[in-house]
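Numbered per our numbering, the sequence shown spans residues 1 to 265. Notes follow the structure.
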Amino acid sequence: MTSLLGSGVTSVALAVYAYQLVGGQATVVVGTALSLRILAFVTLSPIAGVLADRVDRKRLLVGADLVRVALLGIFPFVDTVWQVYALIFAVNAATAFFTPTFEASIPDVVGPSHYTRALSLSRVAVDLESVGGPLVAGALIAAVGVRWTFWFDGLTYLISALLLLGTRIPRAAAAAEPFQWRQVLPQLTLGTRVLLREPALRRALLLHVAEAAAGAAAIVATVVYVHDVLHRGDGAFAAAMAALGAGSAAAALLIGRRALEAPEG
């Protein structure tokens, strides 16, 4: 939850920082940065999924966290757009290795009896990030300035690494087997093949893409709208993003309740 909160803070801080760098062209910068974020996940997550079954998961998770700490520590000293792009891709490359490994570790850490509850708590953490992240970002930007706000995200990853060091994470069963390169390509493409074969998964993917596109569009458009049209400051932008997050969380809750109440068939 701590690292998710930091990610929420960085999403807001990035939009504000881009606006400070290029003004009205911030929409292009933020849009490109979000595209690089998606590119990092699409290209590297499958590799991370294979590694998660072959290496010590705790070391991989802690290593990814520490890499993100180091990269975010550089952010206050960045002053060009290409440097922003490079850091955004690098941070999300580390995240692309962390997220699949973390999700694969959940059932081994909590056990089958608590797995559903753990997934529910993960969903709650995401909803809290969408509301709490912008609020914390607004307070930090007002207190220390947008450049140093990125260090808060780095601090959350450091806390995450320390918590992971104290957590027992069993090695995957496949990690004890001899590594064979000829098995890598089939494993890399397995998820894609299953996704294309199952209609329910394809529909879920389309919904996820639509959700991600709407969220990205909201970030890209809101920062310029708040500053150039409404002529308000960074605090107003953070409040607007928190309101968007609260609306998204409320909609998800209402839709979930209606789905449970709807008759089957």
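Cβ atoms here follow ideal geometry from the backbone N, Cα and C, with glycine treated the same way.
Handout entry: Beta-carbon separation (whole angstroms), residue 30 vs residue 220, contact threshold 8 Å
Key = 5 Å
Handout entry: Spatial distance of residue 246 from residue 51 (CA atoms)
Key = 36 Å
Exercise for the section: Pick helix, strand or coil for residue 176, following the three-state DSSP scheme. Expected result: At residue 176, the pLDDT of 49 sits below 50, so the modelled position is not reliable and the matter cannot be decided from this model.
Problem - Span separating the alpha-carbon of residue 22 from that of residue 102 - result: 36 Å
Problem - Straight-line Cα distance separating residue 40 from residue 19 - result: 23 Å
Exercise for the section: Would you check if the stretch 6-18 and the stretch 56-63 touch, i.e. whether three or more CB-CB distances between them fall below 8 Å? Expected result: no
Exercise for the section: Decide if the stretch 152-163 is in contact with the stretch 76-88; the criterion is three or more beta carbon pairs, one per stretch, under 8 Å apart. Expected result: no
Handout entry: Beta-carbon proximity check, residue 75 vs residue 152, cutoff 8 Å
Key = no
Practice task
Go through its chain and collect everything with a Cβ distance to residue 105's Cβ below 6 Å, but skip five positions before and after it.
Solution key: 57, 169
Exercise for the section: Within its chain, find whatever has a CB closer than 7 Å to the CB of residue 232; leave out the 5 residues flanking it on each side and keep chain order. Expected result: 226
Problem - Inter-residue Cα distance where the pair is residue 157 and residue 90 - result: 15 Å
Exercise for the section: With a cut-off of 8 Å on the beta carbons, I'd call residue 44 and residue 97 a contact; round off their distance for me. Expected result: 7 Å
Practice task
Compute the distance between the beta-carbons of residue 69 and residue 154, then report whether it is under 8 Å.
Solution key: yes
Exercise for the section: Leaving out five residues on either side along the sequence, give the residues of the same chain with a beta carbon under 7 Å from the beta carbon of residue 248. Expected result: 130
Exercise for the section: Taking residue 34 as the reference, give the member of 242, 241, 218, 251 with the closest Cα. Expected result: 218
Practice task
For the stretch 141-150 and the stretch 233-241, state whether three or more C-beta atom pairs, one from each stretch, are separated by less than 8 Å.
Solution key: yes
Practice task
Kindly list the residues whose CB is nearer than 8 Å to the CB of residue 171, restricted to its own chain and excluding five residues on each side of it in sequence; keep chain order.
Solution key: 56, 57
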